[in-house]
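Visitor:
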Amino acid sequence: MRGGRRLFPLLLLVLLPGLCRGRETAPGAVTCGSVLKLLNTRHSVRLHSHEVKYGSGSGQQSVTGVEASDDANSYWRIRGKSDSSCQRGTPVKCGQAIRLTHVNTGKNLHTHHFPSPLSNNQEVSAFGDDGEGDDLDFWIVQCSGTYWEREDAVRFKHVGTEVFLSITGEQYGHPIRGQREVHGMPAANHHNYWKAMEGVFIKPSLDPAKHDEL
780 MRGGRRLFPL
790 LLLVLLPGLC
800 RGRETAPGAV
810 TCGSVLKLLN
820 TRHSVRLHSH
830 EVKYGSGSGQ
840 QSVTGVEASD
850 DANSYWRIRG
860 KSDSSCQRGT
870 PVKCGQAIRL
880 THVNTGKNLH
890 THHFPSPLSN
900 NQEVSAFGDD
910 GEGDDLDFWI
920 VQCSGTYWER
930 EDAVRFKHVG
940 TEVFLSITGE
950 QYGHPIRGQR
960 EVHGMPAANH
970 HNYWKAMEGV
980 FIKPSLDPAK
990 HDEL
């Protein structure tokens with residue numbers, strides 16, 4: 780995790796032109812290109828990943844929930860199904876399919892038909908290289924208005940398998956002791972609400988044709 784803390788300042792430098800504008804705005808819609816942490820509102824842990832692979836199931840990079848608010852391995856970047864479908868600074872619509880790319884490892888939030896190691900729900904992993912994985916990386920943002928608002932709790936429903944991104948409280952032992960299992964559940968319930976927390980929020984663009992590149 781120390782390496783992750785060193786990498787995040789470099790990310791800030793790369794994004795600096797857009798960051799300053801994003802921080803000037805009041806809380807509003809979550810936008811494409813934003814980098815943020817996601818809090819599970821039921822269990823008060825943030826969505827997290829790291830270079831630790833599952834010892835069972837797919838063997839892919841694990842995804843967990845952590846209590847710490849200052850861990851750089853909990854940052855995710857908001858992207859569309861394709862780059863053209865989610866241009867930088869464009870508000871994310873309720874019902875839109877997105878990818879969540881883990882900033883420090885470049886892998887996408889992913890799920891598939893493997894059992895999760897602790898609860899035997901559906902395993903959630905981080906998959907791909909440099910932000911490119913497959914069609915099991917797509918999640919629909921479920922919210923009640925027109926756009927995903929930063930102040931609102933939302934759900935993420937997986938496009939390919941129709942499960943909801945969830946935490947029910949199971950804790951891992953060594954080597955990630957105390958971290959919570961993240962998995963997919965078939966039913967919508969209080970375990971699968973998430974809220975945007977700390978991050979870098981790109982200012983919504985007034986002209987969708989004009990946007991900065993990362």
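Numbering of the sequence shown is given in the working numbering, commencing with residue 780 and proceeding in unit increments.
Cβ atoms here follow ideal geometry from the backbone N, Cα and C, with glycine treated the same way.
#1: Return the Cβ separation of VAL839 and ALA905 in integer angstroms, given the expectation that the two are a contact with Cβ distance under 8 Å.
#2: By how many angstroms is the C-alpha of GLY844 removed from the C-alpha of GLY948?
#3: Indicate the three-state DSSP secondary structure (helix, strand or coil) for ALA932 in the structure shown.
#4: Kindly list the residues whose CB is nearer than 8 Å to the CB of VAL976, restricted to its own chain and excluding five residues on each side of it in sequence; keep chain order.
#5: Measuring CB to CB, does GLN875 end up less than 8 Å from VAL920?
#6: Pick helix, strand or coil for ASN887, following the three-state DSSP scheme.
#7: State the Cα-Cα distance for the pair PHE935 and MET964, rounded to the nearest angstrom.
#8: Could you check if SER923 is buried or exposed, using at least 16 other CB atoms within 10 Å of its CB as the buried criterion?
#9: State the beta-bridge partners of ARG856 as determined by DSSP.
#10: Nearest by alpha-carbon distance to GLU928: which of LYS974, ARG821, LEU944, PHE917 is it?
#11: What do you get for SER853, buried or exposed, if any count of 16 or more other CB atoms within 10 angstroms of its CB means buried?
#12: Should SER861 be labelled buried (16 or more other beta-carbon atoms within 10 Å of its own) or exposed?
#13: For VAL831, collect the residues of the same chain with a Cβ closer than 8 Å to its Cβ; drop the 5 residues on either side in sequence, then sort them by chain order.
#14: Mind checking ASN899: buried by the 16 CB within 10 Å criterion, or exposed?
#15: Rounded to whole angstroms, what is the Cα-Cα separation between PHE980 and SER895?
#16: Output the distance between the C-alpha atoms of LYS982 and ASP914, rounded to the nearest integer angstrom.
#17: Bridge partners of ARG959, per DSSP?
#18: Using a Cβ-Cβ cutoff of less than 8 Å, which residues in the same chain neighbour THR940 once the five nearest sequence positions on both sides are dropped?
#19: Can you list, in chain order, the residues of its chain whose CB lies under 6 Å from that of LEU897, leaving out five sequence neighbours each side?
#20: In whole angstroms, what is the alpha-carbon distance linking TYR972 and LEU879?
Guide: In terms of the structure at hand:
#1: Sequence inspection shows Gln at residue 839; the Val mentioned does not correspond to that position. The pair is a contact, with the Cβ atoms about 7 Å apart (cut-off 8 Å).
#2: 9 Å
#3: strand
#4: In the sequence as presented, Val is not what sits at residue 976; that position holds Met. Contacts found: LEU815, LYS816, LEU817, LEU818, ARG825, SER848.
#5: yes
#6: strand
#7: 11 Å
#8: exposed
#9: VAL814, THR880
#10: LYS974
#11: buried
#12: exposed
#13: GLN840, SER841, PRO954, ILE955
#14: exposed
#15: 32 Å
#16: 28 Å
#17: GLY844, GLN950
#18: THR890, HIS891, HIS892, GLN901, LEU915, GLY963
#19: GLU949, GLU960
#20: 16 Å
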